[in-house]
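Protein chains: 2
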Amino acid sequence: MTVELICVGTELLLGNIVNTNAAFLSEQCAMLGLSMYYQSVVGDNPGRLRGLLEAAKERSDIIILSGGLGPTQDDLTKETAALVMGKMLVEDSRAREEIERFMSKRGREITENNWKQAMVPKGCKVLYNPNGTAPGMIMEEGGTYMILLPGPPNELVPMFQEQVYPYLHSLQPEVICSKMVKLCGIGESSAETQILDLIESQQNPTVAPYAKTGEVHLRITAKAESEAAAYALIEPVEEELHKRFGSLIYTDDPKVTLEMAIGELLAKRQLTVTTAESCTGGLLAGRLVNVPGISEHFKEGHITYSNEAKERILGVSHSTLEQYGAVSPQTAEEMAKGGAKAAGADICVAVTGIAGPDGGTEDKPVGLVYISCCCMGKVLTQKNLYTGGRGKIREYSVASALTLLRQAILELF
Amino acid sequence: MTVELICVGTELLLGNIVNTNAAFLSEQCAMLGLSMYYQSVVGDNPGRLRGLLEAAKERSDIIILSGGLGPTQDDLTKETAALVMGKMLVEDSRAREEIERFMSKRGREITENNWKQAMVPKGCKVLYNPNGTAPGMIMEEGGTYMILLPGPPNELVPMFQEQVYPYLHSLQPEVICSKMVKLCGIGESSAETQILDLIESQQNPTVAPYAKTGEVHLRITAKAESEAAAYALIEPVEEELHKRFGSLIYTDDPKVTLEMAIGELLAKRQLTVTTAESCTGGLLAGRLVNVPGISEHFKEGHITYSNEAKERILGVSHSTLEQYGAVSPQTAEEMAKGGAKAAGADICVAVTGIAGPDGGTEDKPVGLVYISCCCMGKVLTQKNLYTGGRGKIREYSVASALTLLRQAILELF
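Quick mapping for you: the protein sequence lines, in order, are chains A and B. Just so you know, we're using the numbering used here here: the first sequence kicks off at 1 and counts up by one. Just so you know, we're using the numbering used here here: the second sequence kicks off at 1001 and counts up by one.
Spelled out as structure tokens, the structure:
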């Protein structure tokens, strides 16, 4: 079956935001074995949207729309899509109740235009939205499926995963299964070079690399008449990847993140961890706290942005800061040792660096980041030099810190 | 003049990469005052690309293509575009020389298919490429401009900025200017209800609302024959928005974020701030540290995930935790007071809540978050109830904490 995407939003046409929804939906459709030939972006303009929808209806089996489901006057995606599919809009009483509940739970006043969001095309499947007031919907007419999703990624992503993916999966004659082998501590082109032969010779299953911040994900996808048959095709490729990448692989489960894999290691080895952050300013701890139930292994963390805080809270010596500076392997090491001691934790990961845009020198340029991991007295320290802006440098620093933490647990325990 | 984007690349249709080129080119076109109504993505398929190009030629003055200029057999963007514009391909001798120079400088061997990249549509303006082997090109025919750019962002971005931007600028009779009025502490539909009359009566300038996490952004856009004339059109609308929303507006500058606006307030009033986080686990401090130069006002922060850490580091009393629990207004208040004292800061923002998915009860459900702000002894405490998953609850908690911090500075200092 063929699928196409239409993302609605003037903010995309103005370049205010990057279209991450398109990348997410494309990846999901590829996993489902759907062939995508077109993606489009239009503004909140009913005439142009209608033209696109009519063309899409001619050439694609499934049309996925995102955005333009808000309560405001310029949100016209639903009205236009219903028109093209020949459906009337009717009020959905459960959608109305859910909007009421959503708003009252947050103590927000419901305004008249909120009720617009409870209107849905007659006979459609309503996709209720626990994360916002706009329900999604699936319409079908003459073999064409039109799926409407809210624009905000935190509403679109769970709605697609929980409600649309299983629906589309059930439309497929063949079963498509995939596994995601996730690597940390290796770059995309280096990973790709090591599996070029697999990529070039592939048919079923296929292997596709995806570059993520500080990680590479390799998706193995197979089509077959049953799940068991699809996984039987995947298995030898998965084994081959494990043979080639070894401990760089932290999971084979698409739902497991690097911090979750670390949480599992900490649980298995009964360890506690703490953080001592300078330039990342809390983002490293923030990643660890993404893991539900991490409280058994992460009790506290310290953000020591000033030198004075590094001395007082972590016990970094004044002379180390004077002699080597705050961004140095010596300071990183003392931060890690002192952080572990202050928190009474088995392990401490420390980060200190120059995130920019100012503060760089010839010796210590913007992007220089030291990461140190102290595990019961033993210390691993890593020097990194990142390019890009302040945000990117901090994000990559966090990814490297998690990778080093994982490596330290594997090597030292 | 109208412009549209066509990005060519199977990797976009598979979701392997995020289309950052589209965001970059859209923003540049908006800056140039070009009206963009369509963006499309197609694979390396000459039939589908040709169909799109023919439609684009009918409806847009300028068509910008990216990708598909490589040396391989499936790179057919140039051939297809030349066909649609009725141009023959001829070899450009300078392009040939530059390819030779580029390859030999890197010690790479030139293969026969590299010369394909020296072929350009007859009579076009060639955009030589110091960062790769694919030159870009601009074709003109009957008032339609077709601009071809290489796909890799490190080639596309400098080529656009240095060669295409000045070219397009010279074609423009009008300019478009916009301002972004950003609000915090108000929902999208509530904000829109208050300006419905402005939205309904708008022509030039226009006002469009954008919902962000815990914020609403209102973009005012005007077209005129000069920048000064455009801003003169914007000014009365901007004043009206300030009259209606008052201190909910934290900036009029599209580049300024909420944390940057708070950084400016801290600087103006010479204040220091610290954080005491439980469920947000460092993300609040992480937002503050997004601001370059915040080190003058943010020295340290504490992540106290366990009760023991709340007592030891922040001095929350054992009996408060026993009697009211970690998620209570009493604990939030003591965290804020104790955090300020521990860090010796003028202000402390504290967050404690239940981010889920487990740990909720009937009295204290998942999503219940208390935020407290202590400013030189005075305390503001807020109760929030969020819906959604763990990630969303934490993200909204951070947005509310920043909003409360801003409010506290404005009210108490």
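Note that beta-carbon positions come from the ideal geometry of N, C-alpha and C, so glycine has one too.
Hey, would you say G9(A) sits closer than 7 Å to G136(A), going by beta carbons?
no
Quick check on N290(A): buried or exposed, where buried means 16 or more other Cβ atoms within 10 Å of its Cβ?
When all chains shown are included, N290(A) counts as buried.
What span of residues does the beta strand (DSSP E) with E264(A) cover, start to end?
Here E264(A) belongs to no beta strand (DSSP E); instead the alpha helix (DSSP H) covers L258 to R269.
Using 7 Å as the threshold, is the C-beta distance between C375(A) and T274(A) below it?
no
Run through the DSSP bridge pairs and tell me what C1177(B) is partnered with.
A1222(B)
Can you find a CB in chain A that lies within less than 7 Å of the CB of I1199(B)?
yes
Please report the straight-line C-alpha distance between A1261(B) and Y1250(B), rounded to a whole angstrom.
6 Å
Please list, in chain order, all residues of the same chain as T272(A) whose beta carbon is under 6 Å from its beta carbon, the five residues on each side excluded.
H297, A345 and D346
Report the three-state DSSP secondary structure of T1072(B) (helix, strand or coil).
coil
Could you name the residues of the region 1009 to 1025 of chain B whose beta carbon sits closer than 8 Å to any beta carbon of chain A, in the order they occur along the chain?
L1012, L1013, L1014, G1015, N1016, I1017, V1018, N1019, T1020, A1022, A1023, F1024 and L1025
For R394(A), tell me which candidate among V175(A), M335(A), E411(A) and I371(A) has the shortest Cα-Cα distance.
I371(A)
Output needed for A1211(B): all residues of its chain with C-beta closer than 7 Å, excluding positions within five of it in sequence on either side, in chain order.
E1188
May I have the straight-line CA-CA distance separating R1050(B) from I1006(B), to the nearest angstrom?
Those two C-alpha atoms are separated by around 11 Å.
Closest by CA to A1134(B), which one among E1334(B), G1070(B) and V1216(B)?
G1070(B)
Whose Cβ in chain B lies nearer than 8 Å to the Cβ of E27(A)?
L1014, G1015 and N1016
Going by beta carbon distance, what residues of the same chain come within less than 7 Å of K1179(B), once the five residues before and after it are set aside?
I1220, I1234, E1238 and D1252
Are the Cβ atoms of G315(A) and G338(A) separated by less than 7 Å?
yes
Is F1245(B) close to chain A, meaning its C-beta is less than 7 Å from at least one C-beta of that chain?
no
How would you list, in chain order, the residues of chain B whose beta-carbon sits under 8 Å from the beta-carbon of R48(A)?
Y1037 and Y1038
Mapping the DSSP letters down to three states, classify I195(A) as helix, strand or coil.
Look at I195(A) here: in three-state DSSP terms it is coil, with no helix or strand label.
Whole beta strand (DSSP E) runs in the region 75 to 135 of chain A with 3 or more residues, listed along the chain?
89 to 91, 119 to 121 and 125 to 127
Taking all protein chains shown into account, decide if E1058(B) is buried (16 or more other Cβ within 10 angstroms of its Cβ) or exposed.
exposed
Would you call the region 70 to 79 of chain A in contact with the region 155 to 172 of chain A, where contact means no fewer than 3 C-beta pairs closer than 8 Å?
Judged by pairs of C-beta atoms under 8 Å, the region 70 to 79 of chain A does not touch the region 155 to 172 of chain A, as fewer than three such pairs exist.
For F160(A), which residues from the same chain have a beta carbon less than 8 Å from its beta carbon, with the 5 sequence-adjacent residues on both sides left out?
F24, L25, Q28 and L149
Could you list which residues in chain B have their beta carbon closer than 8 Å to that of Y128(A), in chain order?
Result: empty, since nearest Cβ-Cβ is about 12 Å, beyond 8 Å.
Using beta-carbon positions only, say whether T213(A) and A399(A) come within less than 7 Å of one another.
In this structure, A399(A) lies closer than 7 Å to T213(A) by Cβ.
In terms of alpha-carbon separation, which member of E1140(B), P1130(B), T1387(B) and D1358(B) lies closest to E1162(B)?
Looking at the Cα atoms, P1130(B) is the closest of the given residues.
Do you know offhand how far A30(A)'s Cα is from P46(A)'s?
29 Å
Below 9 Å on C-beta distance, what does E1192(B) contact in chain A?
G70, P71, T72, Q73, T111 and N113
In or out: S247(A) buried (at least 16 other Cβ within 10 Å) or exposed?
exposed
Can you give me, in chain order, the residues of the region 357 to 379 of chain A that have a beta carbon less than 9 Å from any beta carbon in chain B?
P357, D358 and G359
Check whether the region 1305 to 1319 of chain B and the region 1353 to 1368 of chain B touch, using three or more Cβ-Cβ pairs below 8 Å as the test.
no
I'd like to check one pair, E192(A) with P209(A): are the Cβ atoms closer than 7 Å?
yes
For S1190(B) and R1096(B), what's the separation of their Cα atoms in angstroms?
60 Å
With 7 Å set as the bound, which would you pick, yes or no: does the beta-carbon of K223(A) sit closer than that to a beta-carbon of chain B?
no
Rounding to the nearest angstrom, what Cα-Cα distance links H217(A) and H242(A) in this structure?
13 Å
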